[in-house]
Amino acid sequence: MKILVALLSLLAILLVALPGPLYKHQILELAPAFAALRYAVYVGIAALVLLLVQIIFMRKNINWPVTGISAVFAIVAIALPVSMMGKAKSVPPIHDISTDLVNPPNFVAIAALRADAPNPAEYAGEETAKQQREAYPELITEIYQQSSEQLFEVAQAAVNDLGWTLVNANKAAGLIEATDETTWFGFKDDVVIRISNTGEERFLDVRSKSRVGKSDLGKNAERIHTLLDAINAKL
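In short: position in the sequence shown from 1, add 10, done, that's our numbering.
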């Protein structure tokens, strides 16, 4: 029983820990990687049930350090995928977020990098815009009094500070493009920043879009918030 519990707990944590790196290094496809996360929950539950049986009926023979580690592995293996599923249910199933939903900034240099991506560079459309308005009404065009040059330099500095890969910085066009890669699965999401002039004010818009996946689990909206916070902190 003790060996079985330990093996199940180890299997459960491996089913959580390995899919991301395996997908990131192109060893595993996305569908089986996500399937592994689901199986981790089932295996983790089985391990916890057997742990409970062991504690109730075989208490005298328990190795408490091993039991504790097994319990932690099983709980983590259950908690992480369940947390992801809960997040997925709390946000709309979209992956293209923009502060300007009428005229979203277009990818220029990054368009070629997305040529083979499942999600095309073009904006996802009105249905996506409708869902974004309901979920993230605070994401709108930012207005600044600073000069275009200052705003551009600050935005580019913010991109660099966040560790994103700068793809294009066209000051004349007021356009900055960058790619952010997630840590666990290595998903590549692209960002475009557009700065435009209107009289004495500067308008700054940001668009963030995932290359793969239907739902981004709220990551693109979170990324835009992070960027805007970084920009505003520098001004």
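All residues carry an ideal CB built from backbone N, CA and C; glycine is no exception.
Buried or exposed, going by whether 16 or more other CB atoms sit within 10 Å of the CB of residue i?
i      : result
Gly30  : buried
Val169 : buried
Gly184 : buried
His35  : exposed
Pro103 : exposed
Val63  : exposed
Val51  : buried
Pro147 : exposed
Arg48  : exposed
Gln142 : buried
Asn73  : exposed
Arg212 : buried
Could you name the residues of the same chain whose beta carbon sits closer than 7 Å to that of residue i, not counting the 5 residues immediately before and after it, in chain order?
i      : result
Asn207 : Ser158
Taking 6 Å as the line, does the beta carbon of residue i fall inside it for any heavy atom of the ligand ADP?
i     : result
Trp74 : Absent from the structure shown: the ligand ADP. Ligands present: none.
The alpha helix (DSSP H) spanning residue i covers which residue range?
i      : result
Phe67  : 40-67
Val76  : 74-100
Asn170 : 158-171
Gln141 : 136-145
Glu232 : 229-244
From the DSSP output, which residues share a beta bridge with residue i?
i      : result
Phe213 : Ile153, Ser206
Val201 : Ala188, Ser218
Ala179 : Ile186
Can you name, in chain order, every residue of its own chain whose Cβ lies under 6 Å from the Cβ of residue i, other than the five neighbours on each side?
i      : result
Ile2   : The requested residue 2 is not part of the displayed model; the chain covers only 11 to 245.
Leu21  : Val53
Lys198 : Thr189, Glu191, Arg221
In terms of residues, what are the limits of the beta strand (DSSP E) holding residue i?
i      : result
Glu191 : 185-191
Asp106 : 106-108
Taking 8 Å as the cut-off, does the region 47-57 touch the region 73-85 (at least 3 CB pairs, one atom from each stretch)? With the cut-off at 8 Å, the region 73-85 and the region 47-57 touch.
Check whether the region 198-213 and the region 112-119 are in contact - that is, three or more C-beta pairs closer than 8 Å. Judged by pairs of C-beta atoms under 8 Å, the region 198-213 touches the region 112-119, as three or more such pairs exist.
Is it the case that the region 218-230 contacts the region 94-110, given that we only count it when at least three CB pairs across the two stretches are under 8 Å? In short, these stretches touch, since the Cβ pair count reaches three.
Should the region 123-141 be regarded as contacting the region 213-224, the criterion being three or more beta carbon pairs within less than 8 Å? Contact between the region 123-141 and the region 213-224 is present, because at least three Cβ pairs lie under 8 Å.
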